[in-house]
Amino acid sequence: MRNALSGGGPARRPRFLFVTDLAYQAKGRRYCDEDIYLTTRLREDFDVALCHPLDAAPLMETGAFDAVVVRNSGPVLHYQEQWDDFVRRAVRCGARVYNQLTGKADMVGKQYLLELTEAGLPVIPTVDDPRAADRLPQTPTYVVKPKAGADSIGLEFVAREELAGLAPGPAGILIQPRIDFAYEVSFYFVDRAFQYALHAPDPARRWHLERYEPTEADLAFARRFVDWNDIDHGIQRVDACRTPSGELLLVELEDLNPYLSLDLLDEETRDAFVAALKRSLQGLVAE
């Protein structure tokens with residue numbers, strides 16, 4: 034893939050292949066609106082071409098673009114085989130992909146929740162074997178979801194006495210205690226720099242978000258997971274819940290194509306985010 038900043042002659046604008054599914058329907062979110070806004074702003078400084086996720090790999094291999102930006106492409110479990118093929122081809126041809134494909138969190142499934150639990154980090158306790166449920170806090174109800182899940186697909190609530198009868202299936206499952214949290218909060222980062230935070234005051238309305246002013250302790254919590262991940266260029270969203278005792282626990286670390294809720298931001302914050310994104314993309318193609 035060509036470097037926009039190398040070679041002789043006058044410099045040209047970097048060229049990005051922007052991967053999005055504008056028709057994807059998500060509960061409480063307008064994916065298409067967000068990506069229409071983002072591509073409009075990116076065109077101020079870059080040349081941008083949009084494509085569907087299923088068209089990304091062959092277009093990437095043409096060499097016409099300096100990097101591929103994967104944004105609101107929908108859960109990859111809907112096209113897992115094609116996504117895996119895209120990743121293999123990107124590695125083979127040396128394509129720059131944004132987010133970088135080195136992420137250790139949702140980009141490669143939910144296995145990281147087990148690893149973080151074992152490491153003793155502040156995450157909702159997680160196991161993947163019903164026989165290990167005694168290592169979890171005792172609650173009347175448990176959350177069971179597929180390891181390869183996304184967007185609450187396949188999530189179910191199971192009583193403790195039903196855990197022993199669970200069949201993990203070929204893809205595996207995750208088991209967590211159902212926590213009565215006060216609210217959920219999300220922290221948004223570009224590269225490793227914090228941008229803004231949003232929270233859902235009502236636990237029953239996940240995508241009815243409001244601005245949130247994090248404390249230093251909140252930011253230290255979120256940065257711990259961003260620093261743990263292996264992404265230098267990319268957007269990450271740290272999703273957490275506030276327990277009744279006041280502590281934060283990680284719910285998910287979104288490091289592939291996190292929805293950004295840009296429509297909920299004031300203009301100044303939205304402009305600052307776009308500026309950070311442009312700097313990050315410039316840095317990626319300059320390497």
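Each residue of the sequence shown is one higher than the last, beginning at 34 in the working numbering.
Every residue gets a Cβ at the ideal spot worked out from N, C-alpha and C, and that includes glycine.
Beta-carbon separation (whole angstroms), residue i vs residue j, contact threshold 8 Å
i      : j      : result
LEU196 : PRO163 : 5 Å
ARG104 : ASN290 : 6 Å
PHE214 : PHE220 : Actually they are not in contact, since the Cβ atoms of PHE214 and PHE220 sit about 16 Å apart, beyond 8 Å.
PHE258 : LEU286 : 5 Å
LYS180 : GLY198 : Rounded, the Cβ-Cβ distance is 19 Å, inconsistent with contact.
ARG46  : ASP68  : Not a contact, Cβ separation roughly 19 Å.
ALA166 : VAL160 : 6 Å
ARG48  : ASP99  : 5 Å
Proximal residues to residue i (C-beta, below 6 Å), its chain only, five neighbours per side dropped
i      : result
ALA123 : VAL130
VAL191 : TYR175 and VAL177
VAL307 : ARG74
ARG225 : VAL259
GLU114 : none
LYS311 : ASP78
PHE254 : LEU281
LYS60  : none
Pairwise C-alpha distance: residue j and residue i
i      : j      : result
ARG76  : VAL156 : 38 Å
ASP273 : TYR145 : It should be noted that the sequence gives Ala, not Asp, for residue 273. Near 15 Å, if we compare the C-alpha coordinates of TYR145 and ALA273.
ALA56  : ALA97  : 25 Å
ASP251 : ARG168 : 27 Å
VAL101 : ASP88  : 12 Å
CYS126 : ALA90  : 10 Å
VAL109 : TRP116 : 6 Å
VAL223 : ALA309 : 7 Å
ASP260 : LEU314 : 19 Å
LEU207 : ARG275 : 21 Å
ASN36  : SER106 : Caution is warranted here: a pLDDT of 48 is assigned to ASN36, below 50, making its placement in the model unreliable, and the coordinate value is therefore given only provisionally. Answer to the nearest angstrom: the Cα atoms are 25 Å apart.
CYS65  : GLU194 : 43 Å
THR248 : LEU297 : 20 Å
VAL271 : PRO277 : 19 Å
GLN209 : PRO158 : 6 Å
LEU283 : ALA128 : 31 Å
GLY40  : PRO86  : Because GLY40 sits at a pLDDT of 49, beneath the cut-off of 50, its placement in the model cannot be relied upon, and the following sentence gives the value as read from the coordinates. When rounded, the distance between both Cα atoms is 30 Å.
ARG238 : LEU281 : 19 Å
GLY142 : ALA200 : 19 Å
LEU154 : LEU188 : 23 Å
PRO170 : ALA44  : 58 Å
ARG62  : GLY316 : 29 Å
GLN58  : ARG256 : 31 Å
HIS111 : THR150 : 28 Å
Residues of its chain near residue i, where Cβ-Cβ distance is below 7 Å and the 5 sequence neighbours each way are ignored
i      : result
ASP288 : ASN132, GLY136, ALA138, ASP139, MET140, ASN262, ILE264, GLY267 and GLN269
VAL235 : One point to set straight first is that residue 235 is Asp, not Val, in the sequence displayed. Closer than 7 Å at Cβ, skipping near neighbours: HIS241.
LEU83  : PHE51, THR53 and THR72
ASN211 : Before going further, note that residue 211 is Arg rather than Asn in the sequence given. Counting only Cβ-Cβ distances below 7 Å, and skipping sequence neighbours, we find THR172, THR174, TYR175, VAL176 and PHE190.
GLU148 : none
TYR70  : LEU295
GLY279 : none
Chain-order list of residues whose beta-carbon lies under 8 Å from that of residue i (same chain, five-residue window excluded)
i      : result
LEU134 : VAL120, ALA123, VAL124 and MET140
GLU217 : HIS232, ALA233, PRO236, ARG239, ASP272, ALA273, CYS274, ARG275 and VAL284
Residue i Cβ short of 8 Å to the ligand ATP heavy atom set
i      : result
TRP261 : Although the ligand ATP was asked about, the structure shown includes no ligands whatsoever.
*Three or more beta-carbon pairs under 8 Å between the region 228–244 and the region 288–308, yes or no?*
Segments in contact, yes.
*What are the complete beta strand (DSSP E) segments, minimum 3 residues, inside the region 57–104?*
Positions of the beta strand (DSSP E) runs, each at least 3 residues long and wholly inside the region 57–104, are given as 80–84 and 100–103 in order along the chain.
_Cβ pair count under 8 Å reaching 3, the region 222–231 against the region 83–96_ = No, they do not touch.
*Any chance you could list the beta strand (DSSP E) runs of at least 3 consecutive residues sitting entirely within the region 250–302, in chain order?*
List check, beta strand (DSSP E) in window: 268–275 and 281–287.
*What are the uninterrupted segments assigned as alpha helix (DSSP H) that are 4 or more residues long and contained completely in the region 135–191, given in chain order?*
If we require 4 residues or more, the alpha helix (DSSP H) runs fully inside the region 135–191 come out as 144–151.
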